[in-house]
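Each residue of the first sequence is one higher than the one before, counting from 2 in my numbering. Don't be surprised by glycine CBs; every beta carbon is placed ideally from N, CA and C. In this text, all values refer to a predicted model and were calculated from it rather than measured experimentally. Some notes on the structure that comes next.
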Amino acid sequence: MNKLKRTEIFTRLRHDNPHPATELEYTNPYQLLVAVTLSAQATDVGVNKATRALFQKVRTPQALLKLGETGLKEYIKTIGLFNTKARNLIAAARILVREHNGEVPATREALEALPGVGRKTANVVLNTAFGQPTIAVDTHIFRVSNRTGIAPGKNVNEVERRLERCVPEAFRQDAHHWLILHGRYTCVARTPRCGSCTIEDLCEYRHKTEL
DNA sequence: ATCCCGAGGG
DNA sequence: CCCTCTGGAT
């Protein structure tokens with residue numbers, strides 16, 4: 002896909018989503034870290050329900066340690082992988098209190114050193130909590146990139162590299178949100194809503210029979 | 001059956 | 001690079 006076409010796509014996606022930062026319910030670093038950690042292999046609806054209840058009581062790593070692993074599981078027991086997530090979040094809270102003064106670090110290295118925090122979660126925290134020009138390639142962005150032809154790749158790492166190469170830093174933070182929102186509401190996994198898609202004429206999907 | 005705003009390990 | 005983990009939704 003050429004640069005002109007890609008630029009036009011992002012222009013339209015921006016028009017579709019004028020306030021991209023509202024995509025996530027939380028921008029507070031710690032709440033964001035917890036919410037994104039819980040979101041692995043879980044629906045956003047289920048995660049948002051759990052975090053809304055949890056954050057009534059817990060907004061800091063200190064508060065989470067007070068709640069304890071068993072207490073935490075009560076809030077997230079309907080979410081996939083909740084045993085692992087609870088264990089990781091407690092372990093991460095200990096590190097935050099002991100090594101980072103109870104604050105969420107703003108560097109990729111420190112973030113990814115936390116149990117349960119990988120590249121995707123670190124990128125979201127850097128993007129949304131700390132305003133860094135990262136693109137966190139989740140399943141939505143991976144699908145949209147490949148289906149449309151914006152930045153196709155075999156795996157998430159390749160898609161991330163290609164996106165960072167073709168999206169200028171100046172609007173990379175917003176582009177991350179445009180892509181996710183497009184994937185969630187229009188370019189959905191099973192049955193994409195091409196009828197209401199504003200970039201259909203530029204999308205490579207209609208020329209294929211799969212993906 | 002397949003997918004969901006992944007991480008960790010083989 | 002690919003698999004598995006695990007619960008709910010579609």
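For the options H101, L82, K50, the alpha carbon positioned closest to that of T61 is the one of H101.
In the structure shown, F83 falls within a helical segment according to DSSP collapsed to helix, strand and coil.
DSSP places D17 in the helix class (H, G or I) of the three-state scheme.
Within the same chain, and ignoring the five residues on either side of K6 in sequence, the residues whose Cβ sits closer than 8 angstroms to its Cβ are L203. Taking the C-beta atoms as reference points, L33 is found nearer than 8 angstroms to V125. Note that the C-beta distance between V160 and F143 is below 8 angstroms.
By the criterion of at least three beta-carbon pairs nearer than 8 angstroms, the stretch 43-56 is not in contact with the stretch 90-107. Between I10 and I181, the C-beta gap is not smaller than 8 angstroms, which leaves the two residues out of contact. Comparing C-alpha distances from V105 to each of R185, H183, P30 shows the shortest one belongs to P30. Contact between H183 and L14 holds: CB atoms are separated by about 6 angstroms, below the 8 angstroms threshold.
Boundaries of the alpha helix (DSSP H) around Q63: 62-77. Excluding residues up to 5 positions away in sequence, A93, I96 lie with their Cβ nearer than 7 angstroms to the Cβ of L115 in the same chain. The DSSP assignment places complete alpha helix (DSSP H) segments of no fewer than 4 residues inside the stretch 28-67 at 30-39, 45-58, in order along the chain.
K78 and K86 have their C-alpha atoms some 10 angstroms from each other. In terms of CA proximity to R120, T38 leads the group T38, T8, Y27.
If you keep only unbroken beta strand (DSSP E) runs of at least 3 residues inside the stretch 124-190, you get nothing at all.
Collapsing the DSSP output to three states places L90 in a helix. A check of alpha carbon separations from W179 across N3, M2, T8, K4 identifies T8 as the nearest.
The continuous alpha helix (DSSP H) containing E110 extends over residues 109-113. Our two residues, V157 and H177, have alpha carbons roughly 14 angstroms apart in a direct line. Setting aside the 5 residues that flank it on each side, G103 is surrounded in the same chain by T61, P62, Q63, L97, each with a C-beta closer than 7 angstroms to its C-beta; the list follows chain order.
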